[in-house]
DNA sequence: AAGCCTTTGTGAATACGCGCACAAAGTCGC
DNA sequence: GCGACTTTGTGCGCGTATTCACAAAGGCTT
């Protein structure tokens, strides 16, 4: 279930506040979901609650961590060390949840050799070596769109079976490989869609908040869009 | 629909290759979805296809752009200029799709005043001014978790009605405000979950690819997790 | 110890999304 | 101009997710 990590985060926050026990109602509220949904989700991994009391935070944290596979370490390689790759390398949420970044790789000679977050950026040529030596099972692709499929093919050939893709392309992979995609601009586009809806829809009245710029662009042909670089 | 931006990206790629017309089958394949689903999605915004031929790429690009509200400019402010905020500020996928970054804001005096992607980072104190002066309608929150809710409350009070949240917290907002959340570590956790499944599940056999590290950690109490910083 | 109160776990109803499969519609070749 | 072929648009059935509502279960108070 995709919601377990959210529950886990909420539970960690409760732990930090010293809360020992939590009801489904409270936890659901903290996680932003319906309480029945939360109880059903938790029941799928066993009955760890006590009726009349709630769930023991520490025990639940352990059970969810185990279910998600966070009780073991996962070895990650980040390919593409641009702005985004750098941000990912320094992201605290990885190391603290059992994800160990074993390699940073880039094709740009100016970036190779730089030290980032305690790691030296390696050359993309060493991709297969790094994957093999460290036992990388998850690859994070943060390259420009044009390079992503090629990199993906290589990491898959080297034995990686999970890919987190930040490049704005649809990767094609064998059926045994999992790909998850994070696309920064798609999220913004979805927000723009809802924002427009609030303002009356594509055919409705404009001029509300956020529409003071370029009211009449809709009447023109769209400009030539440039494919997003990294 | 959350898939429209994906279609749009695929269409732009086709446009760049000079393709004038495309069938639902081809476009669906490029977007990584079922062709029937694609046709149903497109039919929801009107019938823009020609039976026996397909869809005219340019016309479809325009229609989807209009539906998504990309035929107008959206003014964005990025709050929190750490690694991630910097990456977002330099992300080409924003400007090319009608999203204009009007302000970069941070609370750290060492960051305020720096020039990033052609903009000077302002102090968070000027948040309300920046939102008002530029007509910001979408706020991107890339602050540490602890600061996110406070920043969110302020941007909402200042009139922003759409928030893109990169901080690892569940933001609470009035019902008229849209929030979308991008959580880098959650995506990895979901991958780890599937990866573990492939290796036999939490109770199954270990030792396959990616599990050569810390096989026995599951037997120990989980370590104290540190809440993710930015 | 007994009853009340809180909270879980889950059956059942509902809503939703997905994909198949096909008829309608339009094009292209002859 | 006509028929065969291609492709769209969509009705329908199915499986999954979501929510409601309540009975079972445990703790707490008296």
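Protein chains in written order, with my numbering: chain A, -10 to 219; chain B, -10 to 219. Each residue gets a CB set at the ideal place from its N, CA and C atoms; glycine is no exception.
Look at the segment 104 to 183 of chain A and you find these whole runs of alpha helix (DSSP H), each 4 residues long or longer: 116 to 123, 134 to 146. DSSP places residue 15 of chain A within a helical segment (H, G or I) once states are collapsed to three. Cβ neighbours of residue 54 of chain B within its own chain (closer than 6 Å, five residues either side excluded): 60.
Across the set A:71, A:62, A:98, the C-alpha of A:62 shows the shortest separation from the C-alpha of residue 91 of chain A.
Taken through DSSP and simplified to helix, strand or coil, residue 98 of chain B comes out as coil. Only 157, 159, 167, 169, 171, 173, 174, 175, 176, 177, 178, 179, 180, 181, 182, 183, 184 from the segment 156 to 184 of chain B bring a Cβ to less than 7 Å from some Cβ of chain A. Residue nearest to residue 148 of chain B within the set B:158, B:165, B:135 is B:165 (criterion: CA-CA distance).
Nearest CB-CB separation between residue 26 of chain B and chain A: not below the 8 Å threshold. Bridge pairing for residue 89 of chain B: B:64 [DSSP]. Counting along the chain, the unbroken alpha helix (DSSP H) around residue 82 of chain B starts and ends at 81 to 84.
The Cβ of residue -5 of chain A sits closer than 8 Å to at least one Cβ of chain B. Scanning its chain for C-beta atoms nearer than 8 Å, with the 5 sequence neighbours on each side dropped, one finds around residue 136 of chain A the residues 69, 96, 156, in chain order. When secondary structure is reduced to three states using DSSP, residue 74 of chain A falls in the helix class.
The C-beta separation of residue 172 of chain A from residue 183 of chain B comes to about 19 Å, leaving the pair out of contact by the 8 Å criterion. Bounds of any beta strand (DSSP E) do not take in residue 37 of chain B, whose DSSP letter is neither H nor E. For residue 77 of chain B, the chain A residues whose Cβ falls inside 7 Å of its Cβ are 173, in order along the chain. Straight-line spacing of the CA atoms in residue 110 of chain B and residue 119 of chain A works out to 38 Å. By the Cβ neighbour-count rule, residue -6 of chain A is buried, with 16 or more other Cβ atoms within 10 Å of its own. Within 7 Å of the CB of residue 82 of chain B, the CB atoms of chain A belong to 157, 173, 174, 217, in sequence order along the chain. In this structure, the alpha-carbon of residue 49 of chain B lies about 15 Å from that of residue -10 of chain B. Per DSSP, the unbroken beta strand (DSSP E) holding residue 43 of chain B starts and ends at 43 to 45.
Taking a beta-carbon distance threshold of 8 Å, residue 38 of chain B does not count as an interface residue toward chain A.
The beta-carbon separation of residue 65 of chain B and residue 129 of chain B, rounded to 6 Å, stays under the 8 Å limit for a contact. Residues of chain A whose Cβ lies closer than 7 Å to the Cβ of residue -2 of chain B are, in chain order, 157. Comparing alpha-carbon positions, the option among A:123, A:102, A:158 lying closest to residue -1 of chain B turns out to be A:158.
Take the alpha-carbon of residue 175 of chain A and the one of residue 144 of chain A: they are about 25 Å apart.
Close partners of residue -9 of chain A in chain B (Cβ separation under 7 Å): 179.
At a Cβ-Cβ threshold of 8 Å, residue 67 of chain B and residue 78 of chain B count as neighbours. Classified as exposed, residue 23 of chain B has fewer than 16 neighbouring CB atoms from the shown chains inside 10 Å of its CB.
Comparing alpha-carbon positions, the option among A:6, A:29, A:7 lying closest to residue 17 of chain A turns out to be A:29.
The Cβ of residue 32 of chain B sits no closer than 8 Å to any Cβ of chain A. Within a 10 Å sphere around the beta-carbon of residue 7 of chain A sit fewer than 16 other beta-carbons, which makes this residue exposed. A direct Cα-to-Cα measurement between residue 154 of chain B and residue 170 of chain B gives close to 5 Å. For a Cβ distance threshold of 8 Å, nothing in chain A lies close to residue 23 of chain B: the least Cβ distance comes to about 13 Å.
Excluding sequence positions up to five before and after residue 45 of chain A, its CB lies within less than 6 Å of the CB of 10, all in the same chain and listed in chain order.
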